[in-house]
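> What the sequence shown shows, in the working numbering, is residues 275 to 493, in sequence order. Just so it is clear, CB atoms sit at the ideal spot from N, CA and C, and this is done for glycine as well. This is the structure, below, for whatever I ask next.
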Amino acid sequence: MNKIIAPSILSANFAKLGDEVRSVLDAGADWIHFDVMDNHYVPNLTIGPMVCKSLREFGIKDFIDVHLMVEPVDGLVKMFANAGADLISFHPNATANVSETINKIKDLGCQAGIAINPGEEVTVAEQHLEDIDLVLLMSVNPGFGGQKFIDAVLAKISYMRKLIDKIPNEVRLEVDGGINPENISVVSEAGADTFVLGSAIFNTDDYSNTISTLRSNIT
Ligand code: DX5
Ligand code: ZN
275 MNKIIAPSIL
285 SANFAKLGDE
295 VRSVLDAGAD
305 WIHFDVMDNH
315 YVPNLTIGPM
325 VCKSLREFGI
335 KDFIDVHLMV
345 EPVDGLVKMF
355 ANAGADLISF
365 HPNATANVSE
375 TINKIKDLGC
385 QAGIAINPGE
395 EVTVAEQHLE
405 DIDLVLLMSV
415 NPGFGGQKFI
425 DAVLAKISYM
435 RKLIDKIPNE
445 VRLEVDGGIN
455 PENISVVSEA
465 GADTFVLGSA
475 IFNTDDYSNT
485 ISTLRSNIT
């Protein structure tokens, strides 16, 4: 799997979001990670499907990776698919039926991901591994950017890497939270292939330099 750098727009300057997304992609980012929080599943409130639609209307054609930290899930799946999402990941304990939500995402033409919080087992992701396109392992407790990477998640990344390497279908292993140029190599060595970074990118003044440093630190 090629390595993907997916800046989380949570830390972008929302007063000029379109320009920020354009410049981080021009600076070498592969995907845009779109963190959706509903102040119910997590204690914060961010952006909805209309912002995703606005980015598409602004001319962003690149891959938009939507991370739903919301409960319930299914209604927003449809709205984000219609708003131009390419991939939609959700937290399994936020939906009544994981298989139904996965099927709903795929029936709407999007790739499907399961997101697992730091304190949670990967069991649900394991059970659905042959039906999904991505596992998202949170390396911070969801809700805010700029938190510290939880090192205990490294073992979970390695465990999930071994599981994914045993199955026939291609599943991406994405890690989200507290990643920076100093720790991205250990996250990569543990087995991640898709890296979400918010503050470590948007809090710097040269996105190209930051992204090329990150890429060179990915083993
Ligand atoms: C947490 C968010 C953050 C964000 C990344 O709910 O999902 O993990 O994407 O933020 P940083 O890179 O600043 O930790
Ligand atoms: Zn996220």
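So residue 464 packs on residue 428, CB below 8 Å; how close in whole Å?
Confirmed, about 5 Å.
> Report the rounded CA-to-CA distance for residue 417 versus residue 360, giving the unit in angstroms.
Roughly 22 Å separates the two Cα atoms.
> Is the distance from the Cβ of residue 423 to the Cβ of residue 393 below 8 Å?
No, they are not a contact pair.
> For ligand 1, is there a heavy atom less than 7 Å away from the beta-carbon of residue 414?
Yes, the Cβ of residue 414 comes within 7 Å of a heavy atom of ligand 1.
> CA-CA distance, residue 370 and residue 316?
Taking the straight line from one Cα to the other gives about 17 Å.
> How is residue 349 classed by DSSP in three states: helix, strand or coil?
Residue state, collapsed to three classes: helix.
> Considering only heavy atoms of ligand 2, list every residue whose Cβ is less than 5 Å from one of them, following chain order.
In chain order, the hits are 309, 341 and 450.
> Less than 7 Å between C-beta atoms, sequence neighbours within five positions excluded: which residues of the same chain meet that for residue 376?
Hits under 7 Å: 386, 402, 405 and 406.
> Look up residue 400 in the DSSP assignment and say whether it is helix, strand or coil.
Residue 400 falls in the helix class under three-state DSSP.
> Quick check on the DSSP output: the beta strand (DSSP E) that includes residue 470 runs from which residue to which?
Here the beta strand (DSSP E) through residue 470 covers 468-471.
> If we ignore side chains and look at the alpha-carbon of each, how far apart do residue 467 and residue 289 end up?
One C-alpha to the other measures close to 31 Å.
> Report, in whole angstroms, the separation of the C-beta atoms of residue 284 and residue 419, which I expect to be a contact under 8 Å.
Right, their Cβ atoms sit about 4 Å apart.
> Please find out if some non-hydrogen atom of ligand 1 comes closer than 7 Å to the beta-carbon of residue 353.
It does not: the Cβ of residue 353 is nowhere closer than 7 Å to a heavy atom of ligand 1.
> By DSSP, does residue 337 sit in helix, in strand, or in coil?
Strand.
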